[in-house]
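Enquirer: Below you will find the structure I want to go over with you.
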């Protein structure tokens with residue numbers, strides 16, 4: 006579903022991704038883990054066509070990322086990106102109108118799980134609620150690919166719980182999900198496979214349960230070992 | 011909400027859970043669907059699917075196209091033996107770890123029997 | 011696409027109300043204080059309004075720059091929309107602001123002095139003036155839009171690149187203009203007439219340069235639409 010071949014992205018002075026070659030099969034839930042600055046966000050933005058590779062290629066469903074691939078790809082950014090003057094309800098109506106894969110039933114379920122406040126302005130919401138809204142907009146779609154950029158980082162515990170619950174409840178099992186995070190605890194049970202990024206390069210890419218069987222350790226523990234060298 | 015250990019493959023823990031429930035008779039009808047169980051355990055449906063596949067390989071469950079999965083009744087007796095044996099072996103292992111002599115353990119057990 | 015235009019409109023609502031308030035306010039003040047010279051002052055204010063040209067120029071950049079500054083560009087780029095949809099809706103909203111300005115600036119004094127109608131202008135002439143001046147001011151828009159989008163391709167020194175592109179396209183425009191004007195040389199001009207008992211003014215403004223610039227502008231819009239699809243956040 007997702008393929009990167011020698012994908013490199015260089016910003017002025019910084020090599021965010023170095024020669025990344027990987028393949029993610031359709032329907033897998035991938036944990037993209039690494040500390041801040043390891044290239045996770047860059048990778049997801051490249052998949053959305055929001056960044057262009059410096060060299061190498063990346064494809065999603067065998068196509069170059071662009072407006073066409075956005076039809077079936079749902080993206081949850083880490084930062085606040087919604088129009089703050091919109092009321093939540095208007096924002097949902099406007100945003101959902103662009104997607105044929107908007108699932109009303111899912112949206113209803115997620116709205117209650119995430120506690121979406123319909124009549125406030127987006128700008129008036131707290132950080133945690135803005136994060137919930139961003140996740141809502143993505144998960145309410147029957148997208149083929151979900152790209153979640155640090156959906157739990159810097160979020161209050163109550164919102165974290167709701168977000169985790171929302172993700173679990175919206176999974177059918179056939180979606181391709183990339184969940185990028187530097188906090189692995191609690192969410193690692195959702196990973197089919199894990200990609201460890203270290204300074205822009207793929208350090209490890211394995212099936213999660215295989216890793217557990219082989220090392221007798223959880224992903225969180227392996228994470229600490231890998232990044233504390 | 012079920013607490014899984016992260017240092018062992020989750021799909022294996024799910025298999026063990028399902029086996030225990032089968033032995034307890036909780037799945038006398040049909041097994042929950044992959045999605046249902048995933049929702050209950052709060053895990054990825056793919057992991058449940060893997061557990062079910064392995065259980066099928068072991069012959070403990072059988073999948074019928076369109077109607078979900080069912081317990082293979084013939085295997086239940088064998089399963090009961092297997093789980094009791096496992097529990098017993100764990101018990102024995104924990105006793106042996108005490109480092110006591112077999113006779114001493116027998117003496118204590120007889121005393122505890124009442 | 012109209013969904014997007016509505017969103018652009020609401021995004022700009024503050025400025026739209028501001029323009030309306032400004033024009034109405036100025037008109038009101040002039041009406042109250044300049045008496046019978048009101049309408050001529052008003053009309054000349056509207057017509058010679060260099061500030062409006064500056065506003066259009068800055069706004070054309072602003073509507074794009076804002077998306078990047080506020081990070082809402084991420085939302086825009088997560089939608090399955092084409093580049094031309096973004097470019098046209100944003101240009102559309104700036105054009106709307108321009109039209110609003112000239113409509114209010116020319117129409118309000120016209121209405122207010124209707125009974126006396128000191129300049130003897132007909133409604134038809136007012137409309138012609140509104141359309142002509144609005145569209146002329148709108149011709150500026152493609153230049154800063156194109157320059158800004160190109161500027162965004164440069165990892166550093168975006169401002170410098172934008173300025174450079176602006177200068178470059180300006181020079182190119184200057185060189186090509188005579189050629190383009192020839193294409194439209196047969197287009198008739200627009201005549202604006204003002205009749206009173208004392209004066210009879212009839213000015214014919216040539217439109218060949220107008221259409222020439224429009225053509226050049228549309229080409230810039232076309233390339234802007236292509237470029238914005240490949241630009242980075």
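Chains as they are written, first to last, in this note's numbering: chain D, 6 to 234; chain H, 11 to 124; chain E, 11 to 243. The beta-carbon is built from N, C-alpha and C at its ideal position, and this holds for glycine as well. Just so you know, these numbers come straight off a predicted model, no measurement behind them.
1. For residue 145/D, count neighbouring C-beta atoms within 10 Å of its own C-beta (all shown protein chains included) and say buried if the count is 16 or more, exposed if not.
2. Taking the straight line between their C-alpha atoms, what separation do you get for residue 197/E and residue 241/E?
3. Is residue 18/H close to chain D? Criterion is C-beta to C-beta, closer than 8 Å.
4. So, helix, strand or coil for residue 14/D, using DSSP?
5. Buried or exposed for residue 193/E, going by 16 or more other Cβ atoms inside 10 Å?
6. Is residue 59/D close to chain E? Criterion is C-beta to C-beta, closer than 8 Å.
7. To the nearest angstrom, how far is it from the Cα of residue 79/E to the Cα of residue 181/D?
8. Against chain D, with Cβ distances strictly below 8 Å, would residue 63/H count as a contact?
9. Exposed or buried, what is residue 201/E when buried is set at 16 or more other beta-carbons lying within 10 Å of its beta-carbon?
10. Using beta-carbon positions only, say whether residue 87/D and residue 172/E come within less than 8 Å of one another.
11. Does residue 38/H have its Cβ less than 8 Å from a Cβ in chain D?
12. Within the same chain, show all residues whose beta-carbon is closer than 6 Å to that of residue 126/D, passing over the 5 residues directly before and after it, in chain order.
13. Counting only C-beta atoms, is residue 173/D closer than 8 Å to chain H at any point?
14. Name the chain D residues that come within less than 8 Å of residue 73/H, Cβ to Cβ?
15. For the 8 Å Cβ check, are there 3 or more pairs between the stretch 138-151 of chain E and the stretch 98-105 of chain E?
16. Taking only beta carbons into account, state which residues of the stretch 84-101 of chain E come closer than 7 Å to chain D, listed in chain order.
17. Under the DSSP definition of a beta bridge, which residues are partnered with residue 36/H?
18. Can the beta-carbon of residue 118/D be found closer than 8 Å to that of residue 167/D?
19. Residue 156/E and residue 233/E look like a contact to me (Cβ under 8 Å); what is the Cβ gap, rounded to whole Å?
20. Is residue 40/D closer than 8 Å to residue 52/D when the C-beta atoms are compared?
21. Using a Cβ cut-off of 8 Å, which residues of the stretch 182-202 of chain D contact any Cβ in chain H, in chain order?
22. Distance, Cα to Cα, residue 41/H vs residue 63/H?
23. Could you compute how far the alpha carbon of residue 222/E sits from the alpha carbon of residue 63/E?
24. Mind pulling the chain D residues with CB within less than 9 Å of residue 240/E?
25. Whose C-alpha, out of 32/H, 99/H, 12/H, is nearest the C-alpha of residue 87/H?
26. DSSP has residue 210/D in a bridge; who is on the other side?
27. Can you tell me whether DSSP reads residue 193/E as helix, strand or coil?
28. Which whole-angstrom value describes the C-beta separation of residue 87/E and residue 55/D, a residue pair presumed to lie in contact below a C-beta threshold of 8 Å?
29. Using three-state DSSP, classify residue 148/D as helix, strand or coil.
30. Residue 105/E: beta carbon under 7 Å from a heavy atom of the ligand SAM?
31. Throw me the rounded Cβ distance for the residue 44/H and residue 58/H pair, which I believe falls under 8 Å.
32. Residue 22/D bridges to which residues according to DSSP?
33. Can you tell me the Cα-Cα spacing of residue 217/E and residue 184/E, whole angstroms?
34. Confirm, please, whether the CB-CB distance from residue 66/D to residue 241/D is below 8 Å.
35. Do residue 51/H and residue 12/H have their C-beta atoms within less than 8 Å of each other?
36. Pairing CB atoms from the stretch 205-222 of chain D with CB atoms from the stretch 182-191 of chain D, are three or more of them under 8 Å?
Expert: Reading off the structure:
1. Buried, by the Cβ-count rule.
2. Our two residues, residue 197/E and residue 241/E, have alpha carbons roughly 38 Å apart in a direct line.
3. So, interface residue.
4. Residue state, collapsed to three classes: strand.
5. Classification for residue 193/E: exposed.
6. The beta carbon of residue 59/D sits no closer than 8 Å to any beta carbon of chain E.
7. Rounded to whole angstroms, residue 79/E and residue 181/D show a C-alpha spacing of 31 Å.
8. Residue 63/H does not count as touching chain D.
9. Residue 201/E should be labelled exposed.
10. With respect to residue 172/E, residue 87/D sits apart: the two C-beta atoms are not nearer than 8 Å.
11. Chain D, which has no Cβ nearer than 8 Å to the Cβ of residue 38/H, makes this no.
12. Cβ within range, chain order: 92.
13. Residue 173/D has a beta carbon lying within less than 8 Å of a beta carbon in chain H.
14. Those do not exist, as residue 73/H stays about 15 Å from chain D at its closest Cβ, beyond 8 Å.
15. Look at the beta carbons and you see the stretch 138-151 of chain E touching the stretch 98-105 of chain E: at least three pairs across the two are nearer than 8 Å.
16. Those would be 84, 85, 87, 88, 89, 90, 91, 92, in chain order.
17. Paired residue(s): none; residue 36/H is not in a bridge.
18. Cβ atoms of residue 118/D and residue 167/D: closer than 8 Å.
19. Yes, they are in contact, since the Cβ atoms of residue 156/E and residue 233/E sit about 6 Å apart, within 8 Å.
20. No, they are not a contact pair.
21. For the stretch 182-202 of chain D, residues whose beta-carbon sits nearer than 8 Å to a beta-carbon of chain H comprise 193, 194, 195, 196, 197.
22. So the alpha carbons of these two residues sit roughly 13 Å apart.
23. Straight-line Cα distance between these residues: approximately 19 Å.
24. Chain D residues near residue 240/E: 54, 57, 71.
25. The option with the nearest alpha carbon to residue 87/H is 32/H.
26. Residue 210/D pairs with 200/D.
27. Residue state, collapsed to three classes: helix.
28. Contact between residue 87/E and residue 55/D holds, since their C-beta atoms are separated by about 5 Å, short of 8 Å.
29. Three-state result, residue 148/D: coil.
30. Ligands displayed in this structure: none; no statement on the ligand SAM is therefore possible.
31. Cβ-Cβ separation between residue 44/H and residue 58/H: approximately 5 Å, consistent with a contact (criterion under 8 Å).
32. Partner(s): 14/D.
33. Each residue's alpha carbon lies about 17 Å from the other.
34. There is simply no residue 241/D to check, as chain D begins at 6 and stops at 234 in what is shown.
35. Taking 8 Å as the Cβ cut-off, residue 51/H and residue 12/H qualify as a contacting pair.
36. Judged by Cβ distances under 8 Å, the stretch 205-222 of chain D makes no contact with the stretch 182-191 of chain D, as fewer than three pairs qualify.
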